[in-house]
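In the working numbering, the protein residues as written are 6 to 225.
Report on one structure; see the data block that follows.
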């Protein structure tokens, strides 16, 4: 970090509205779901907090856009509801199969879950650039919650090579002018959700404990 003071709400609003406001063709979201084992590794969010991101999602995404949301098998149905509250129609899901996921399963029936679910949603008028994407793929599991690089190949096949993609809850950046990143673990983010009350360290270097941004008001 090079700054030493927290930006004003007005400054954050300006950075959120231009040039990034409603400029994203697709979103890849990996919310920190509660009670899925993530508490040992990072801060999680309640289902209500994730669902309440709706105004931010609506403001950042184009009216015609895609939503790709990672979730677990146990939370698939509630995740579909949240996808809908964000303004997206559930279209399908893609299953990630992890061949190196070992260990003990459910103590009663002994089955070990070794898959994760990528929900695919749309709003407005969008069309896939690829008509033969399978609804499953195989890739080894990495660190906890780490997603495979294959997700980007799948996403690009669907949304096209020129689409602008925003990754929410990102854990690492990579250089690509078509991509934007926002997340708790990043030193710099391409958008700020502080106007909607979702602060990350990149918003400021010396935050006021418990500070909450004033509500965002659309100019439209």
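Beta carbons are placed, not taken as given, at the ideal position from N, Cα and C, and that holds for glycine.
- CA-to-CA, the gap between residue 71 and residue 178 works out to about 20 Å.
- C-alpha of residue 203 to C-alpha of residue 176: approximately 16 Å in a straight line.
- Ranked by Cα distance from residue 161, the options 27, 33 and 28 are led by 33.
- The Cβ atoms of residue 205 and residue 188 lie closer than 8 Å to each other.
- In the displayed model, residue 103 falls within coil according to three-state DSSP, outside both helix and strand.
- Three or more beta-carbon pairs separated by less than 8 Å are not found between the stretch 136-156 and the stretch 179-186, which leaves the two stretches without contact.
- For residue 81, the CB contacts under 6 Å within the same chain, skipping 5 residues up- and downstream, are 122 in chain order.
- With respect to the 8 Å criterion, residue 87 and residue 138 are not classified as neighbours on the basis of their beta carbons.
- Beta-bridge annotation (DSSP): residue 126 is paired with 72 and 95.
- In this structure residue 124 is in contact with residue 74, their Cβ atoms being roughly 4 Å apart against a cut-off of 8 Å.
- For residue 69, the CB contacts under 6 Å within the same chain, skipping 5 residues up- and downstream, are 129, 130 and 131 in chain order.
- Assignment of residue 147 by DSSP, reduced to helix, strand and coil, places it in the coil class.
- Under the DSSP definition of a beta bridge, residue 182 lacks any partner.
- For the 8 Å CB-CB criterion, residue 77 and residue 96 do not form a contact.
- With a 10 Å radius around the Cβ and a threshold of 16 neighbouring Cβ atoms, residue 27 comes out exposed.
- In the three-state reduction of the DSSP assignment, residue 168 falls in the coil class.
- Its Cα nearest to that of residue 90, the residue 54 stands out among 199, 116, 119 and 54.
- Here the alpha carbons of residue 194 and residue 172 stand approximately 10 Å from one another.
- Comparing C-alpha distances from residue 190 to each of 201, 207, 36 and 103 shows the shortest one belongs to 207.
- By the neighbour-count criterion, in which 16 or more other beta carbons inside 10 Å mark a residue as buried, residue 167 falls on the exposed side.
- For residue 34, there is no enclosing alpha helix (DSSP H); the residue is found in the beta strand (DSSP E) stretching over 29-34.
- Taking 8 Å as the cut-off, the Cβ atoms of residue 141 and residue 99 count as close.
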